[in-house]
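All remarks here apply to the structure that follows.
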Amino acid sequence: DPQEAAAIIVFVTDEFGNPVAGHTLVGFIEAGSGTLLHGGRLQDDGALGSAFRDAYSTDGVYIGEYQASAISREPVRLRILDLTDPTQPTATVELQVR
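Numbering-wise, this note's numbering puts 511 at position 65 of the sequence shown, and it's gapless, one number per residue.
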């Protein structure tokens, strides 16, 4: 719904499928409108002081938030980048705003 926030959850693994913790992930809006909260940064959910903290501190789960604009009705495409390791592939996330 417009003006409501949605959690963006990304699971990061290395080339062997092992979870990767401690990276810096950031998202950008490629198409559509709205805002990625916290400057687009996705927080490692196991990091100290995280609002989304869980018992699995090295599980490779990162969480961000997207907020649709008041007039959003179109699909939104996000690009997720790993700033810690630029050799990691980027990911595209498609959101439907209703």
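Even glycine gets a Cβ: it sits at the ideal position worked out from N, Cα and C.
- Contact between the region 462 to 470 and the region 512 to 525 is absent: fewer than 3 CB-CB pairs across the two stretches fall below 8 Å.
- A distance below 8 Å between beta-carbons, with the five flanking residues on each side excluded, links Glu511 to the following residues of its chain, in chain order: Ala451, Ala452, Ala453, Ile454, Leu482, Leu483 and His484.
- One alpha carbon belongs to Leu541, the other to Phe474, and they sit about 13 Å apart.
- Judged by DSSP in its simplified three-state form, Gly473 adopts strand.
- Taking a contact as a CB-CB distance under 8 Å, the pair Ile509 and Gln534 does not count as one, their CB atoms being some 18 Å apart.
- Per DSSP, reduced to three states, the secondary structure at Gly510 is strand.
- Within the same chain, and ignoring the five residues on either side of Ala537 in sequence, the residues whose Cβ sits closer than 8 Å to its Cβ are Val456, Arg525 and Ile526.
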